Structures are given as structure tokens and as C-alpha cells.
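Numbering (the working numbering), first residue to last: 17 to 494. The beta-carbon is built from N, C-alpha and C at its ideal position, and this holds for glycine as well. As the structure is a prediction and not an experimental result, all values here were calculated from the model. Reading through the C-alpha cells given below for one structure.
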Ligand code: GLU
């Protein structure tokens, strides 16, 4: 763990240190992934360090499954970290140490109010329609007034006059009156630190210089700053961090993003929706950050271009269509062998990766996700007799089977099994029969793929190979 002096060093050298600090009470959802991305990009852009802290102090709600999913999701997105993750729960002693330092220096005090007493206080405040806030009843009392051995919490003695302005890099200047910040608990009666204390101590000890997080944490910044400033007054080397609170993501209907809108874990985008990590990376980047009207931005470009100036102030809307359009773009850019492996895993047994690799250039052209590529590839591995869709069966009605007979004979005589040669042969036959090429291609497609949509018919012939293609045509010919 970095010591206090390393933070002072950081402040001196101007190195940027960011952190992503998820609470592992759920999976890595879209909002969290975007926060992680912005932190990572900011650090990479400035040649600084990106750190990861798992905020697992809520032991009841934190699960190992969620921790694994978060780490796997970050890894999948290609967000790497410059140190192993810090687990907040490992650091309770250090958090408590800071609470006691604050107490000894007079920046915090012991509060002996019992839970029942505090409940009565709140009830009175409710009755008087006052804000529910600790009223500072032990702020100036001498602890000797408490009964011998009575349990106590440690509360921060926050300034009660004046105001604080945070120059947030996204929100601009935000001012809060000190009287609005109550003397909140930093150490519980059982000696455990509160979340508010833990975050501040960890950020300091990790040398974090820039705190980039959702704007639902903006209020917390005003509660956390008094701890930072008190510690800076006591021991120095606790500079104010730079804050950047980014607007939340909304659904396409403008409401706060929920499961209904696709606020799923990133693994759902990978597994269920067949999205490539570079597409989600690009999409999340554009969700709340912009560089002119550029939509397609690679990872390397993002590192070069990203800065907080491009982060907008209003909530962004999640749009699955846009994500799929970007995904289509990245599918076309992606290496065919890599896609073949991903698609083979989706198809499961019987998938031939080498064949998929060869087929990929024609399979991926119009696909928006890996599911569509896998569906489009199904004909390659279909077993004879081929199952026919209803529409495909219709294409085999009328004189289609007679036409297929002529096609079989013509193609069987063709020894050059290449797309160009097969096209030339088929066209010559169409002319001979006095039919349009479509009249031949349609029953061919039905016979070869069992469907009415497929890559170009001559590509299909080549990919299936001479024997399999002729066998499928024979099976439907008159
Ligand atoms: N653990 C908090 C969360 O997941 C983030 C705390 C912070 O970024 O300061 O919302």
C-alpha cells in the first residue's frame, strides 16, 4: 500500500492516478463499465496509473460471484490495471487509525447518543418538518459526561459555517453550505469504519489524484472533503483530489436506466447479444463523451483523444441500435479466425473452425452481432436431408425441381469449383433455358441452405465444397 509520502510525491510529480471503485453487490453493469472506461482512459491518456478498488465493506451484499464478474468484465473490455485490486475490507484497521487521528487532533469527537435517542431526535425533526440531521448534541460535550464504558461512535466535526465550492471538471463549480453537512459517523460503535471514511482513506493511500465517478456521488464529495482537509491540516500530504462527476445513463425513453432498458451486466452483451468488446468499448466511450461527430473511434485513438473536456453535462441515452451498428462495423473489421472461434463456441458441437474462418468474409458482411453470424453459418453444418423453412419449401414448388435437375447436370460437369467458374456455368445454363438467373438461384439457395437468405449462391457452393453441394442439389432435384 502506498504511504502518505507517496501521495505527496504524486502531487509533486503531477502523475495522474485514477481508480475504479465498484461495490460488488451486483455485476458490472453498463454504467459502471463506462465509469471504469473513463477512469482508465484518463489515466492512459495522461500516462498515469489506473487502479481498481473493490468496495466490499458491505459484507452482506457483496458476493464473490459479483467480484469475479466485475474483474472478468473489465478484462473482457481490455481495461487493465497497474496494480492488483485493493479490497476495501482488508483495510478496516487503517480506516480506524485515521478516525482516531482525527479524534485526537480535535477534528472528530465521540458521540454517546444511543440509537433510541437518535430515533427520538429524528422523530422530532420529522414532526417539525426539519431536515433529518444529527444535531451535534455531543459536539461540545465532555466525554466524561457519558456513563462509564458506554458505547460511542466517532463523528466528524464538520465546519458549520461558510460554504465549500467544488470545481468539478464535468459539473463546473458546485457550492454547498457547510451547515447542510451534518457531523456524520466515521467509526461505528463496534469499531468498524463507515463507507464515507473508507473511501477517503483508500483514495489517499492509493495516491488517487482524479476521482471520476457517477454524479450520484457528487453529494458525497462534500461530505468526504472535510476529512481530506482535516487530515491535510494534521499531517499534510492530503491534497484535494480533482473531481469529475459524470451524468448517469438513461434509457432510450429518458428514464433512469434500469434492467428493462438493458442495464445488464457486460457479460450479457457478450453472451446473449453477441457484442464484441471493442464495440462496447467504443459505444460506452461515445455515451457521454464526444469528439466532434465521430462515431467510430478505436482504442488507440480513444487514448489519444480522451479528456474530461469532452464529457457532456446531461445524461446520455442508451441505444441498443447504435451499439449494434457499431458492432456490425467491428465485426467487419475483426480478424476472421478470431470471429470463427467465437462463432464456433456459439454453434457448439459439429462446428468446423477452419471452415468458419473461410466463410467469415461472406458471413459477417451484414451481421450486427455474433448470433446473426452463427445463424447465417448454420447451413454450413446442416446434415442431409436438410430441414427446410416454409419459405424455402415454397421455392421448390412448380418447375423448380426440374430446373434443379438441369443445374445438377451442368455443375457436375464443371471441374473448376470456383465462384467465377460456377457463376459462368450457371449463367450459361440460364441463358440456354431462357430464364433469369434468379429463377435458378432461388431453388438452389433453398436446396443448398434450407432457407431463403444466405450469402451469395456461388460463395455457398464453394464453401460447401463440390461433393456436399452436389449432394444437396441432387437431394431436391427431380
Ligand atoms: N463504490 C461506489 C459505487 O459503486 C463508488 C464510490 C466512489 O467512486 O467513490 O457506486
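Practice item. Compute the distance between the beta-carbons of residue 262 and residue 186, then report whether it is under 7 Å. Key: In this structure, residue 262 sits near residue 186, with a CB-CB distance shorter than 7 Å.
Review point. What whole-angstrom Cβ distance do residue 174 and residue 204 have, given they're in contact under 8 Å?
Key: Contact between residue 174 and residue 204 is absent: CB atoms are separated by about 18 Å, not below the 8 Å threshold.
Review point. What do you get for residue 431, buried or exposed, if any count of 16 or more other CB atoms within 10 angstroms of its CB means buried?
Key: It is exposed - the Cβ of residue 431 has fewer than 16 other Cβ atoms within 10 Å.
Practice item. Run the CB neighbour count on residue 459, radius 10 Å, all protein chains shown included, and call it buried at 16 or more, exposed below. Key: Of the residues assessed, residue 459 falls on the buried side of the cut-off, its CB having 16 or more other CB atoms within 10 angstroms.
Practice item. Run the proximity test for residue 233: is its beta-carbon closer than 6 Å to any non-hydrogen atom belonging to the ligand GLU? Key: Because some heavy atom of the ligand GLU lies under 6 Å away, the Cβ of residue 233 counts as near it: yes.
Review point. Would you report the Cα separation of residue 81 and residue 490, rounded to the nearest angstrom?
Key: Approximately 53 Å between the Cα atoms of the pair.
Exercise for review: Give the secondary structure of residue 258 by DSSP, where H, G and I count as helix, E and B as strand, and everything else as coil.
Suggested key: Three-state DSSP puts residue 258 in a strand.
**Study point:** C-alpha gap between residue 240 and residue 183, whole angstroms
**Key:** In this structure, the alpha-carbon of residue 240 lies about 15 Å from that of residue 183.
Point to revise | Collapsed DSSP secondary structure at residue 317 in the structure displayed | key: Residue 317: helix per DSSP, three-state reduction.
Point to revise | Identity of the residues DSSP links to residue 332 by a beta bridge | key: Note: residue 332 sits in a beta bridge opposite 265.
Exercise for review: Output the boundary residues of the alpha helix (DSSP H) element that contains residue 287.
Suggested key: Residue 287 -> alpha helix (DSSP H) spans 282 to 287.
Review point. Where does residue 242 fall in DSSP's three states?
Key: Residue 242 falls in the helix class under three-state DSSP.
Point to revise | Euclidean distance between Cα positions of residue 154 and residue 312 | key: For residue 154 and residue 312, the distance between alpha carbons rounds to 58 Å.
Practice item. Would you tell me roughly how many angstroms separate the C-alpha atoms of residue 143 and residue 296, rounded to the nearest one? Key: Their Cα atoms are separated by approximately 50 Å.
Review point. Beta carbon of residue 474, beta carbon of residue 422: below 7 Å?
Key: It is not a contact, given that the beta carbons lie outside the stated cut-off.
Check your understanding: Taking the Cβ atom as the reference point for each residue, do residue 98 and residue 66 lie within a distance shorter than 7 Å?
Key -> The criterion of a C-beta distance shorter than 7 Å is satisfied by residue 98 and residue 66.
**Study point:** Cβ-Cβ separation, residue 44 to residue 281 (assumed contact under 8 Å), whole Å
**Key:** Contact flag correct, Cβ pair sits at about 6 Å.
Check your understanding: Excluding sequence positions up to five away, which residues of its chain have a Cβ less than 7 Å from the Cβ of residue 246?
Key -> Non-local beta-carbon contacts of residue 246 in its own chain, meaning distances under 7 Å to residues more than five positions away in sequence, involve 118, 123 in chain order.
Exercise for review: Would you mind sorting residue 159 into buried or exposed? The rule is 16 or more other CB atoms within 10 Å of its CB.
Suggested key: It counts as exposed.
Review point. Relative to the ligand GLU, is the shortest distance from any of its heavy atoms to the C-beta of residue 38 smaller than 6 Å?
Key: At least one heavy atom of the ligand GLU sits closer than 6 Å to the Cβ of residue 38.
Check your understanding: Just reading off the alpha helix (DSSP H) that residue 211 is part of, what are its end residues?
Key -> Run containing residue 211: 211 to 221, per the alpha helix (DSSP H) assignment.
Practice item. Check each candidate in 466, 68, 252, 32 and name the one with the smallest Cα separation from residue 12. Key: Residue 12 lies beyond the range of the chain shown here (17 to 494); nothing can be said about it.
Check your understanding: Is the distance from the Cβ of residue 111 to the Cβ of residue 255 below 7 Å?
Key -> It is not a contact, given that the beta carbons lie outside the stated cut-off.
Exercise for review: Tell me, please, which residues DSSP counts as bridged to residue 69.
Suggested key: Paired residues: 102.
Point to revise | residue 307 to residue 418 span [Cα, whole Å] | key: Residue 418 has its alpha-carbon roughly 59 Å from the corresponding atom of residue 307.
Exercise for review: From the DSSP output, in three-state form, read off residue 35 for me.
Suggested key: The answer is strand: DSSP assigns residue 35 an E or B state.
Review point. Taking 6 Å as the line, does the beta carbon of residue 215 fall inside it for any heavy atom of the ligand GLU?
Key: Indeed, a heavy atom of the ligand GLU lies less than 6 Å from the Cβ.
Practice item. Return yes when the Cβ of residue 384 is within less than 7 Å of the Cβ of residue 349, no when it is not. Key: No.
Check your understanding: What separation, rounded to the nearest whole angstrom, lies between the Cα atoms of residue 480 and residue 314?
Key -> It is roughly 35 Å from the alpha-carbon of residue 480 to the alpha-carbon of residue 314.
Check your understanding: Buried or exposed: residue 478, going by 16 or more other Cβ atoms within 10 Å of its Cβ?
Key -> Looking at its Cβ environment, which holds 16 or more other Cβ atoms inside 10 Å, residue 478 is buried.
Practice item. Give the straight-line distance between the Cα atoms of residue 353 and residue 362, rounded to the nearest whole angstrom. Key: Spanning the two alpha carbons is a distance of roughly 14 Å.
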